[in-house]
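Presented below is the structure to which this report refers.
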Amino acid sequence: MLKKILLILALFSALFADIPTGYYDGTEGLSGESLKFVLNNIIDNHDELSYDDLRDFVLENTDEDPNNSNNLILFYTGRSQNKSTFGGGADQWNREHVWAKSHGDFGNNPPCGTDAHHIRPTDASVNSTRGNKDFDDGGNAIYDNGYLAGWTDGDSWEPRDDVKGDVARIIFYMATRYEGEGGELDLEVIDAVNTDPNPQHGKLSTLLEWNTFDPPDEFEQNRNDQIYYYQDNRNPFIDHPEFVNYIWGNEAPELMANFTANANSGNIPFTVSFTDISSGGAEIVSWDWDFDNDGSIDSNSQDPSYTFTSEGSFTVSLTVTDNLGNSDNETKIDFIAALNTELPIEIYATSFESTIADWEIFSTASTNDWERSNQTDSSHPSAAQNGSWYAHMNNYGADEPAEDWLISPSFNLANYNDIFCNFYVWTKYSDSITGLELLVTNNFSGNLNTTNWTNLNTPFYSVADEIWTSFANIDLNNFADETVRIAFKYESSGTSGGQAKAWAMDSFQIFGTDVILYGDVDGNGEVQAYDASLTLQKVIELIDFETWQITAADVDGNGEIQAYDASLILQYLAGLIDNFPVE
3 MLKKILLILA
13 LFSALFADIP
23 TGYYDGTEGL
33 SGESLKFVLN
43 NIIDNHDELS
53 YDDLRDFVLE
63 NTDEDPNNSN
73 NLILFYTGRS
83 QNKSTFGGGA
93 DQWNREHVWA
103 KSHGDFGNNP
113 PCGTDAHHIR
123 PTDASVNSTR
133 GNKDFDDGGN
143 AIYDNGYLAG
153 WTDGDSWEPR
163 DDVKGDVARI
173 IFYMATRYEG
183 EGGELDLEVI
193 DAVNTDPNPQ
203 HGKLSTLLEW
213 NTFDPPDEFE
223 QNRNDQIYYY
233 QDNRNPFIDH
243 PEFVNYIWGN
253 EAPELMANFT
263 ANANSGNIPF
273 TVSFTDISSG
283 GAEIVSWDWD
293 FDNDGSIDSN
303 SQDPSYTFTS
313 EGSFTVSLTV
323 TDNLGNSDNE
333 TKIDFIAALN
343 TELPIEIYAT
353 SFESTIADWE
363 IFSTASTNDW
373 ERSNQTDSSH
383 PSAAQNGSWY
393 AHMNNYGADE
403 PAEDWLISPS
413 FNLANYNDIF
423 CNFYVWTKYS
433 DSITGLELLV
443 TNNFSGNLNT
453 TNWTNLNTPF
463 YSVADEIWTS
473 FANIDLNNFA
483 DETVRIAFKY
493 ESSGTSGGQA
503 KAWAMDSFQI
513 FGTDVILYGD
523 VDGNGEVQAY
533 DASLTLQKVI
543 ELIDFETWQI
553 TAADVDGNGE
563 IQAYDASLIL
573 QYLAGLIDNF
583 PVE
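Sequence positions in the sequence shown follow my numbering and run 3 to 585.
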């Protein structure tokens, strides 16, 4: 029953919530002190207000009567009263510290004494009647100007029903926001009354009931949004009233099994590392993994690795159990694809995170050049496409129209098929020309004038302003078996507005699939005695091999480079065998 109530609370608050995206990241699946600790880190160090700020403009906005902008709503009575009637008289309003300021003796001083989350406009006479009492049920009814304010006895105050939950969530906020850090008070909510003058407030069991009885309404949620504007922090228990029971009510989020994998497809034998990201529940004590959907448990580790040795699609299942005996299962159908095909190999990749020095920058005109940048101002991307850095060129304000080149390192495309490149570009501002071209050459020697360039006719004219745009699978197969360089050529028609675009490039990659001639260890297109010699040199660790050489030399297909591989190459050359075992 309680779980249903908590779900209703969560859904009810979501109807009105205007919670910033990601504000509560890190709270998923937490409960108890762990959740309270994370929430404290989210909401502490708020922007402090003065006590006069609360009177002069804050409360007039946070507690404004939605039906009369000249009035505000008084907290305990719910009465609408003109904003101009602030004072200490019986029919005036003043500032009520819901967490009574004598409970910790913080007065009207920031941060506790001026935290708008717990200061409400109240009938001055009702404020005086409530005094510094703890909150609990019972007592004599208190009326003000015909409005019920609540009930009171010698040691407690019970507010009217419509704000019981508001009071509870304020007290829980204060006990979470103020944890004794940096010289601040450590406020605690306890299951008792008569807590003054200690930095404590009660009564916990009653406040838990009130939080459930009176869920957040639109007025309370709007107030939370307004205070977020002023203080840059929120009351998390208005946004997520279920958090109250997760921290103080011995409840926990529902146990939910979940997992990720470091890769979902690859060639066999394909080893995958799995990570448990299950959440909720109590302490998880067991993990049962089934990697091939055969109903058998393949691992009991929390974060196991598993090698798929046969081709096919595999459904993966995880069942987790906590120390209270609760269990949950997550099954991901066809989660892993174990392939027996050639996958693209990354020949080169850069996001310019560490350097741009392996690229050559040439400027045939203008004083502005291509550069590595991490700027995020108005003339640059607001963020890199990947990481923090990117390549950037803008000729605005230069001495003359631009012709500037950003030229890649050289790439030997021998031993590769199906070659292509990927990258992202970004642009801003206007020019009569597109201002960017992608070119390839196989004869660059440092002199642009003697270089033969092939324009790949990439449609950069289609790039929208200020959006990283992907260009993928740019075909480079015409340059197979060659050593090439790729260039981004920037041009502008001038140097002022409307005559120079800004361009940026990031996440440049070249891919291809291996062309494997087994036994051809030197990559010259033939199997020769020298290939057997290289294989033996590798065996006795005189030389190292690149990845493609390891594949070419492993002619028996056992995954290792051994003297037997050199022997097979020599047998092939002597005509003793027609092909290699790996074929």
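Glycine included, C-beta positions come from ideal geometry on N, C-alpha and C. This structure is a prediction, so every number in the text was calculated from the model and none was measured.
key: Reduced DSSP secondary structure (H/G/I, E/B, other) of Y120   = The amino acid at residue 120 is misidentified as Tyr; the sequence shows His. The answer is helix: DSSP assigns H120 an H, G or I state.
query = Along the chain, where does the alpha helix (DSSP H) that runs through W250 open and close?
reply = 244-250
ask   = DSSP state of D467, grouped into three classes?
value = strand
ask   = Within this structure, are the beta carbons of H99 and I121 separated by less than 8 Å?
value = yes
request  = Drop a sphere of 10 angstroms on the beta-carbon of F215, count the other beta-carbons inside from all chains shown, and report buried for 16 or more, exposed for fewer.
outcome  = exposed
request  = At 3 residues or longer, and completely inside the stretch 241-323: list those beta strand (DSSP E) runs for me, N to C.
outcome  = 261-263, 267-269, 272-278, 286-292, 307-310
ask   = Can you list, in chain order, the stretches of the alpha helix (DSSP H) that have 4 or more residues and sit fully within the stretch 11-98?
value = 34-45, 61-64
query = What whole-angstrom Cβ distance do W95 and T124 have, given they're in contact under 8 Å?
reply = 6 Å
query = Just checking, does the stretch 362-377 make contact with the stretch 291-303 on the three C-beta pairs under 8 Å criterion?
reply = no
task = Would you mind reading off the limits of the alpha helix (DSSP H) that contains N129?
result = 126-132
ask   = To the nearest whole angstrom, what separates the beta carbons of S312 and A284, a pair I think is in contact under 8 Å?
value = The pair is not a contact, with the Cβ atoms about 38 Å apart (cut-off 8 Å).
task = Mind reading off the beta-carbon distance from L570 to D580? Whole number of angstroms is fine, and I expect it under 8 Å.
result = 12 Å between Cβ atoms; not a contact.
query = Using a threshold of 7 Å, is the CB atom of T273 nearer than that to any non-hydrogen atom of the ligand GDP?
reply = The ligand GDP is not among the ligands present in this structure, which contains no ligands whatsoever.
task = Taking F473 as the reference, give the member of P461, E50, P243 with the closest Cα.
result = P461
ask   = Residues in its own chain within less than 8 Å of I563 by CB, not counting five upstream and five downstream?
value = T537, K540, V541, F547, I552, A555, D556
task = Answer with buried or exposed for E402, where buried requires no fewer than 16 other C-beta atoms within 10 angstroms of its C-beta.
result = exposed
query = Count the other CB atoms within 10 Å of the CB of L326; is the residue buried (16 or more) or exposed (fewer)?
reply = exposed
inquiry  = Can you check which of these residues, P306, I338, P411, is closest to T352 by C-alpha distance?
reply    = P411
query = Where does the unbroken alpha helix (DSSP H) through Y398 begin, and where does it stop?
reply = Y398 -> no alpha helix (DSSP H), and no H or E assigned at all.
key: Beta-carbon spacing of G167, P218 below 8 Å   = yes
inquiry  = Taking the beta carbon of P255 as the centre, do at least 16 other beta carbons fall within 10 Å, making it buried, or is it exposed?
reply    = buried
Straight-line Cα distance separating N147 from D58 = 25 Å
Simplified DSSP assignment, three categories, for R162 = coil
query = Run through DSSP, which three-state label would K103 get?
reply = coil
ask   = Three-state secondary structure (DSSP) at P218?
value = coil
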